[in-house]
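Just so you know, we're using our numbering here: the sequence shown kicks off at 1 and counts up by one.
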Amino acid sequence: LNDKSSIRKPSSGPPTITATTMSFKSILTIAMAGTVAIGALASPSSRLTPVVYLAGDSTMSLGGGNTNYTQGWGEFLHYSLDSHRIAVNNSAVAGTSARSYTREGYFGYIANALKPRDIVVIEFGHNDGAALKPTDIGRGDCPGGGDETCITVFNNVTEIVYTYPAYYRNATRLFRSKGATVVLSPPTPSNPYNNTEGIFIYTPSNYTRYAAAVASDFGGPAGGVAFVDHGQYVANIYKELGRAVVDNYFPKDHTHTSRIGATVVSQAFVKALVCARLGTTVLRNYIINSTESVPGYCI
Numbered sequence: 001l002n003d004k005s006s007i008r009k010p011s012s013g014p015p016t017i018t019a020t021t022m023s024f025k026s027i028l029t030i031a032m033a034g035t036v037a038i039g040a041l042a043s044p045s046s047r048l049t050p051v052v053y054l055a056g057d058s059t060m061s062l063g064g065g066n067t068n069y070t071q072g073w074g075e076f077l078h079y080s081l082d083s084h085r086i087a088v089n090n091s092a093v094a095g096t097s098a099r100s101y102t103r104e105g106y107f108g109y110i111a112n113a114l115k116p117r118d119i120v121v122i123e124f125g126h127n128d129g130a131a132l133k134p135t136d137i138g139r140g141d142c143p144g145g146g147d148e149t150c151i152t153v154f155n156n157v158t159e160i161v162y163t164y165p166a167y168y169r170n171a172t173r174l175f176r177s178k179g180a181t182v183v184l185s186p187p188t189p190s191n192p193y194n195n196t197e198g199i200f201i202y203t204p205s206n207y208t209r210y211a212a213a214v215a216s217d218f219g220g221p222a223g224g225v226a227f228v229d230h231g232q233y234v235a236n237i238y239k240e241l242g243r244a245v246v247d248n249y250f251p252k253d254h255t256h257t258s259r260i261g262a263t264v265v266s267q268a269f270v271k272a273l274v275c276a277r278l279g280t281t282v283l284r285n286y287i288i289n290s291t292e293s294v295p296g297y298c299i
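Written as structure tokens, this is what we have:
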């Protein structure tokens with residue numbers, strides 16, 4: 001395989017959902033059913049090289065920010081990995097949250113392509129805080145850190161909405177059942193200098209705590225699920241580089257990075273893998289570049 005796997009998400013799009021009320025179980029059932037017809041997409045039995053799948057939003061996705069001068073960090077991860085031993089499939093989708101990525105079937109697409117030794121990185125949060133009322137745009141999760149649920153109507157369909165950690169937990173359980181290992185991450189920070197004072201401000205969100213808790217619930221790296229605080233590692237680098245440099249990483253808005261900025265964010269992820277104090281993941285074994293030149297420090 002080349003440095004990128006050819007197993008991106010299907011061009012046919014997610015399956016059509018016609019149910020009037022959807023539980024998480026029914027969403028996954030629909031998603032998996034939708035992938036049966038596109039088995040050639042995955043052909044997991046025909047490949048020998050493991051694949052790391054990236055599940056996230058526009059900060060990770062190909063063309064993140066929808067301009068010719070912004071890019072998602074997932075497009076640069078392959079430069080840090082041994083392409084002869086592992087491939088990268090950037091399946092991040094712009095505009096998604098943990099909830100919408102579930103509902104639209106993307107977790108199911110990845111699951112259908114998995115084989116043992118594969119790795120899935122899950123990183124959401126930028127779109128998960130959208131409000132459910134007065135108008136639900138289909139992204140926001142149910143508030144809370146446990147098993148809370150909310151009932152909403154999106155696109156004229158009544159939907160049971162789960163919490164951020166519930167979506168992480170259910171996707172992780174699905175991937176582990178396929179023999180894959182999982183890396184859970186909170187969102188990367190938006191420009192921390194984008195405030196009236198122009199000073200560095202970064203406070204980890206609840207998503208950091210939620211992602212770490214889910215990884216712990218599965219037993220951490222020993223259980224095949226690692227937590228990597230990508231957000232904090234990026235923030236540390238941004239603080240060290242300073243406002244003048246970091247502002248140039250955000251040419252469109254305070255969320256989407258330039259290609260250079262995305263490269264730095266990708267390097268921060270690799271550094272986090274190497275430094276992970278809460279345990280590492282097998283993905284670390286495929287890293288080929290030294291992160292000593294990357295700003296920031298181990299936490």
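All C-beta atoms, glycine included, are put in the ideal place defined by N, C-alpha and C.
In chain order, what residues of the same chain lie with their CB nearer than 6 angstroms to the CB of Ala-31, ignoring the 5 residues before and after it? Sequence index remark: in the sequence shown, residue 31 carries index 31 (1-based). Residue placement at Ala-31 is flagged as unreliable, the pLDDT there being 41, under the threshold of 50; the coordinate-derived value follows with that caveat. Contacts found: Gly-105, Gly-108.
For the alpha helix (DSSP H) holding Thr-300, just list the boundary residues, first then last. Residue coverage of the chain in this structure runs from 1 to 299, which leaves residue 300 outside it and unanswerable.
Glu-75 by DSSP, collapsed to three states: which one? Taking the sequence shown and counting its residues from 1, one reaches residue 75 at position 75. Three-state result, Glu-75: helix.
Rounded to whole angstroms, what's the CA-CA distance from Ala-235 to Pro-189? Just pull it up for me. Walking along the sequence shown from the start, residue 235 turns up at place 235. Walking along the sequence shown from the start, residue 189 turns up at place 189. When rounded, the distance between both Cα atoms is 7 angstroms.
If Gly-231 and Pro-187 are in contact, beta carbons under 8 angstroms, what's the gap, nearest whole angstrom? Walking along the sequence shown from the start, residue 231 turns up at place 231. Walking along the sequence shown from the start, residue 187 turns up at place 187. Distance from Gly-231 to Pro-187 at the Cβ level is roughly 6 angstroms; contact confirmed, criterion being Cβ atoms closer than 8 angstroms.
Phe-200 bridges to which residues according to DSSP? Start at 1 with the first residue of the sequence shown, and residue 200 comes out as number 200. Bridge partners of Phe-200: none, in fact.
Assign Pro-116 to one of two classes, buried (16 or more other C-beta atoms within 10 Å of its C-beta) or exposed (fewer than that). Position 116 of the sequence shown, counted from the first residue, corresponds to residue 116. Result: exposed.
So who's on the other strand from Glu-123, going by DSSP bridges? Taking the first residue of the sequence shown as 1, we reach residue 123 at position 123. According to DSSP, Glu-123 bridges with Gly-56, Ser-185.
If we require 3 or more residues per run, which beta strand (DSSP E) segments fall completely within the region 100–147? 119–123
So does the region 218–229 actually touch the region 238–247, counting three or more Cβ pairs closer than 8 angstroms? no
Coil, strand or helix - Cys-298 by DSSP: The residue labelled residue 298 in the question sits at position 298 within the sequence shown. If DSSP states are grouped into helix, strand and coil, Cys-298 belongs with coil.
For the pair the region 138–146 and the region 244–259, tell me if three or more CB-CB distances fall below 8 angstroms. no
Hey, could you find the ends of the alpha helix (DSSP H) Thr-208 is sitting in? As a first step, residue 208 is located in the sequence shown; it is residue number 208 there, counting from the start. From DSSP, the alpha helix (DSSP H) with Thr-208 extends over 206–217.
Where the alpha helix (DSSP H) through Ala-244 begins and ends: Reading the sequence shown from its first residue, position 244 is the one you call residue 244. 243–247 is the extent of the alpha helix (DSSP H) around Ala-244.
Could you round the C-beta distance between Val-214 and Tyr-168 to whole angstroms and report it? I think they count as a contact, below 8 angstroms. By one-based count along the sequence shown, residue 214 stands at place 214. By one-based count along the sequence shown, residue 168 stands at place 168. With a Cβ gap of about 5 angstroms, Val-214 and Tyr-168 count as contacting.
Can you tell me the Cα-Cα spacing of Ala-211 and Val-182, whole angstroms? On the sequence shown, residue 211 is found 211 positions in, with the first residue counted as 1. On the sequence shown, residue 182 is found 182 positions in, with the first residue counted as 1. Those two C-alpha atoms are separated by around 11 angstroms.
For a quick check, are the C-beta atoms of Val-93 and Leu-77 less than 8 angstroms apart? Sequence index remark: in the sequence shown, residue 93 carries index 93 (1-based). Sequence index remark: in the sequence shown, residue 77 carries index 77 (1-based). No. Outside cutoff.
Does the beta-carbon of Glu-75 have 16 or more other beta-carbons within 10 angstroms, so that it is buried, or is it exposed? Start at 1 with the first residue of the sequence shown, and residue 75 comes out as number 75. With 16 or more Cβ atoms within 10 Å of its Cβ, Glu-75 is classed as buried.
Taking the alpha-carbon of Leu-54 as reference, which of Ala-180, Lys-271, His-254, Val-161 has the nearest alpha-carbon? Locating residue 54 in the sequence shown gives position 54, counting from the first residue. Among Ala-180, Lys-271, His-254, Val-161, the Cα nearest to that of Leu-54 is on Ala-180.
Cβ shell of Leu-81 (< 6 angstroms), same chain only, five flanking positions each side left out: As a position in the sequence shown, residue 81 is number 81, starting the count at 1. Answer for Leu-81: Tyr-286, listed in chain order.
Status (buried if at least 16 other CB within 10 Å, exposed otherwise) for Asn-191: For the purposes of this step, residue 191 is taken as the residue at position 191 of the sequence shown. Label assigned to Asn-191: buried.
Please report the Cβ distance between Tyr-233 and Ala-268, rounded to the nearest whole angstrom; I am assuming they are in contact, meaning their Cβ atoms lie under 8 angstroms. Counting from one through the sequence shown, the residue named residue 233 turns up at place 233. Counting from one through the sequence shown, the residue named residue 268 turns up at place 268. Indeed, because the Cβ distance is near 4 angstroms, the residues count as touching under 8 angstroms.
Going straight from the alpha carbon of Arg-173 to that of Thr-96, what length do you get? The count along the sequence shown starts at 1 and reaches residue 173 at position 173. The count along the sequence shown starts at 1 and reaches residue 96 at position 96. Each residue's alpha carbon lies about 20 angstroms from the other.
Select from Gly-56, Arg-47, Thr-49, Gln-71 the residue whose C-alpha is nearest the C-alpha of Asp-253. In the sequence shown, the residue the question calls residue 253 occupies position 253. Asp-253 has its Cα closest to that of Gln-71, out of Gly-56, Arg-47, Thr-49, Gln-71.
Chain-order list of residues whose beta-carbon lies under 7 angstroms from that of Tyr-69 (same chain, five-residue window excluded): As a first step, residue 69 is located in the sequence shown; it is residue number 69 there, counting from the start. Only Pro-251, Ser-258 meet the Cβ criterion.
What three-state label does DSSP hand Ala-276 in the structure shown? Reading the sequence shown from its first residue, position 276 is the one you call residue 276. In the structure shown, Ala-276 sits in coil (DSSP, three-state: anything other than H, G, I, E or B).
Distance, Cα to Cα, Val-51 vs Thr-203? By 1-based counting over the sequence shown, the position of residue 51 is 51. By 1-based counting over the sequence shown, the position of residue 203 is 203. Straight-line Cα distance between these residues: approximately 33 angstroms.
On the DSSP letters alone, give me the boundaries of the beta strand (DSSP E) that Phe-227 sits inside. Start at 1 with the first residue of the sequence shown, and residue 227 comes out as number 227. Run containing Phe-227: 225–227, per the beta strand (DSSP E) assignment.
Decide if Lys-133 is buried, meaning its Cβ has at least 16 other Cβ atoms within 10 Å, or exposed. On the sequence shown, position 133 is the one that residue 133 refers to. The residue in question, Lys-133, is exposed, as its Cβ has fewer than 16 Cβ neighbours within 10 Å.
Just confirm the distance between the C-beta atoms of Ser-177 and Glu-123, as a whole number of angstroms; I'd bet it's less than 8 angstroms. On the sequence shown, residue 177 is found 177 positions in, with the first residue counted as 1. On the sequence shown, residue 123 is found 123 positions in, with the first residue counted as 1. Wrong, their Cβ atoms sit about 21 angstroms apart, outside the cutoff.
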